[in-house]
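Peer 1:
Laid out in structure tokens, this is it:
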């Protein structure tokens, strides 16, 4: 197939594009290579895609309406994997407009491009952050998610609502994927895995928020990508049993689906740090701090729908994933 992958120089986008190319798909990758984190890491990912048979890169900001309209009209992708976004919970407290530009305006341009150019399926990144104030664990796509705790989470919830509208009005098949704490080689420098590894190896103290009483459903990048690709291949369809009298948030009478992609095995923060200590061979100096605004104490994915519909269960143990990340980090940075 010919697929458009947005955020192709990003962490998940890079790995997704590689898997699609490996299986023989044509990939049009787009990214604006912004400076939210080190652009050289984005360029290094992109360098590993450039020159591969079937890959073309176009530098573009998804918030640019005219450029996005022209890109869709010229490229005519069969399916779209939308992974470009302004990420990060804490940064949304500092720069809210970046989230509106990328996650709301940019997503509108993606929806419009799909609508007007016959795209057969849009798969887009949502986030476990949408569960917000919900404390019913494990988190299910059939739960209410109307109480976001950060602007980032609110924009991802908005994406789900916008996607449903286009599925209902225009019959555009859409699948939203709520990712749970993705980690692995080539990961983002603003994520805890990267920060902790960097500081532990350098002998610097790490910030441990909520005094270590966090738990996260850490999900290895290969599991995330397999889930994404499997979902792309399974075009969203209406749920014939959906009822407006008892509306199910996870499905619809429109071609609309939501799935959690998580390891469904939450890990306590201090156990997670212990895994990094073991992989690096160094003890962490811990700076214990209170819960940060916008953070949630625990995440835990219910993946029953993913298993039933897609036939996939993430399975990489945290110990294995951490070892692979630390090995990549040492190699890439020469530590």
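Numbering (this note's numbering), first residue to last: 1 to 335.
All C-beta atoms in this analysis are idealised placements derived from N, C-alpha and C, irrespective of residue type, glycine included.
Mapping DSSP to helix, strand and coil, what is residue 351?
Peer 2: This structure gives no information on residue 351, because the portion of the chain shown stretches from 1 to 335.
Peer 1: Is residue 29 helix, strand or coil when you go by DSSP?
Peer 2: Mapped onto the chain shown, residue 29 falls at position 29. Note: residue 29 maps to strand in three-state DSSP.
Peer 1: First and last residue of the beta strand (DSSP E) that includes residue 131?
Peer 2: As a first step, residue 131 must be located in the chain shown, where it is residue number 131. Premise fails: residue 131 is in no beta strand (DSSP E) and is neither H nor E.
Peer 1: Pull up the DSSP beta-bridge partners for residue 268, would you.
Peer 2: Here residue 268 corresponds to residue number 268 of the chain shown, with the count starting at 1. Residue 268 is bridged to 215.
Peer 1: Note down, in chain order, each residue of its chain lying with its Cβ closer than 7 Å to the Cβ of residue 77, except the 5 sequence neighbours on either side.
Peer 2: Working through the chain shown from its first residue, we reach residue 77 at position 77. Around residue 77: 2, 3, 4, 28 and 119.
Peer 1: Looking at residue 123 and residue 134, is the spacing between their C-beta atoms short of 9 Å?
Peer 2: Against the chain shown, residue 134 aligns to sequence position 134. Against the chain shown, residue 123 aligns to sequence position 123. No; because the gap between Cβ atoms is not below 9 Å, this pair is not in contact.
Peer 1: Just verifying my parser: in three-state terms, what is the DSSP assignment at residue 207?
Peer 2: Position 207 of the chain shown, counting from 1, holds the residue named residue 207. Three-state DSSP puts residue 207 in a strand.
Peer 1: Would you call residue 50 buried or exposed, if buried means 16 or more other Cβ atoms sit within 10 Å of its Cβ?
Peer 2: Along the chain shown, one-based indexing puts residue 50 at 50. Exposed is the call here.
Peer 1: Between residue 194 and the rest of its own chain, which residues show a CB-CB distance below 6 Å, the 5 nearest in sequence each way excluded?
Peer 2: In the chain shown, residue 194 corresponds to position 194, counting from 1. Result list for residue 194: 187, in chain order.
Peer 1: Using the three-state DSSP reduction, which class does residue 36 fall into: helix, strand or coil?
Peer 2: As a first step, residue 36 must be located in the chain shown, where it is residue number 36. Residue 36: coil per DSSP, three-state reduction.
Peer 1: How about the segment 244-263 and the segment 216-235: do they share at least three Cβ pairs that are nearer than 8 Å?
Peer 2: Because the criterion of three Cβ pairs below 8 Å is met, the segment 244-263 and the segment 216-235 touch.
Peer 1: Name the residue from 331, 314 and 84 whose alpha carbon lies nearest to the alpha carbon of residue 8.
Peer 2: Your numbering for residue 8 matches position 8 in the chain shown. Among 331, 314 and 84, the Cα nearest to that of residue 8 belongs to 84.
Peer 1: Just to confirm, are residue 220 and residue 170 a CB contact at a threshold of 9 Å?
Peer 2: Locating residue 220 in the chain shown gives position 220, where the first residue counts as 1. Locating residue 170 in the chain shown gives position 170, where the first residue counts as 1. No, they are not a contact pair.
Peer 1: Going by beta carbon distance, what residues of the same chain come within less than 7 Å of residue 34, once the five residues before and after it are set aside?
Peer 2: Numbered from 1 along the chain shown, position 34 holds the residue referred to as residue 34. Around residue 34: no qualifying Cβ.
Peer 1: Judging by CA-CA distance, which residue of 306, 271, 276 and 65 is the nearest neighbour of residue 329?
Peer 2: Along the chain shown, one-based indexing puts residue 329 at 329. With distances taken between Cα atoms, residue 329 lies closest to 276.
Peer 1: Which word fits residue 59, buried or exposed, when buried means at least 16 other C-beta atoms lie within 10 angstroms of its C-beta?
Peer 2: Start at 1 with the first residue of the chain shown, and residue 59 comes out as number 59. By the neighbour-count rule (16 or more Cβ atoms within 10 Å), residue 59 is not buried but exposed.
Peer 1: Determine the burial state of residue 208: buried for a count of at least 16 other Cβ atoms within 10 Å of its Cβ, exposed for fewer.
Peer 2: The residue given as residue 208 occupies position 208 in the chain shown. Under this definition residue 208 is a buried residue.
Peer 1: As a quick exercise: from 316, 89, 244 and 265, pick the residue whose alpha carbon is nearest that of residue 223.
Peer 2: On the chain shown, position 223 is the one that residue 223 refers to. Ranking 316, 89, 244 and 265 by Cα distance to residue 223 puts 316 first.
Peer 1: Alpha carbon to alpha carbon, how far is residue 235 from residue 189?
Peer 2: By one-based count along the chain shown, residue 235 stands at place 235. By one-based count along the chain shown, residue 189 stands at place 189. The alpha-carbon atoms of residue 235 and residue 189 are separated by roughly 33 Å.
Peer 1: Are residue 254 and residue 164 touching if we call contact CB-CB under 9 Å?
Peer 2: On the chain shown, residue 254 is found 254 positions in, with the first residue counted as 1. On the chain shown, residue 164 is found 164 positions in, with the first residue counted as 1. Cβ distance < 9 Å, so residue 254 and residue 164 count as in contact.
Peer 1: Keeping to the same chain, check which residues put their C-beta closer than 6 Å to that of residue 131; ignore five residues upstream and five downstream.
Peer 2: Taking the first residue of the chain shown as position 1, residue 131 is located at position 131. Correct list, in chain order: 139 and 145.
Peer 1: Out of 37, 333, 82 and 313, which has the shortest C-alpha to C-alpha gap to residue 114?
Peer 2: Within the chain shown, numbered from 1, the residue matching residue 114 stands at position 114. Here the closest residue by C-alpha is 82.
Peer 1: Could you tell me which whole beta strand (DSSP E) segments of length 3 or greater appear in the segment 145-199?
Peer 2: For the segment 145-199, whole beta strand (DSSP E) runs of length 3 or above, ordered along the chain, are 174-179.
Peer 1: Please state if the CB of residue 203 and the CB of residue 278 are separated by a distance shorter than 9 Å.
Peer 2: Reading the chain shown from its first residue, position 278 is the one you call residue 278. Reading the chain shown from its first residue, position 203 is the one you call residue 203. No.
Peer 1: Would you identify the three-state DSSP class for residue 53, choosing helix, strand or coil?
Peer 2: Against the chain shown, residue 53 aligns to sequence position 53. DSSP places residue 53 in coil when its eight states are reduced to three.
Peer 1: Got a sec? Which residues, its chain only, sit under 8 Å from residue 136 by beta carbon, not counting five neighbours each side?
Peer 2: On the chain shown, position 136 is the one that residue 136 refers to. Answer for residue 136: 143, listed in chain order.
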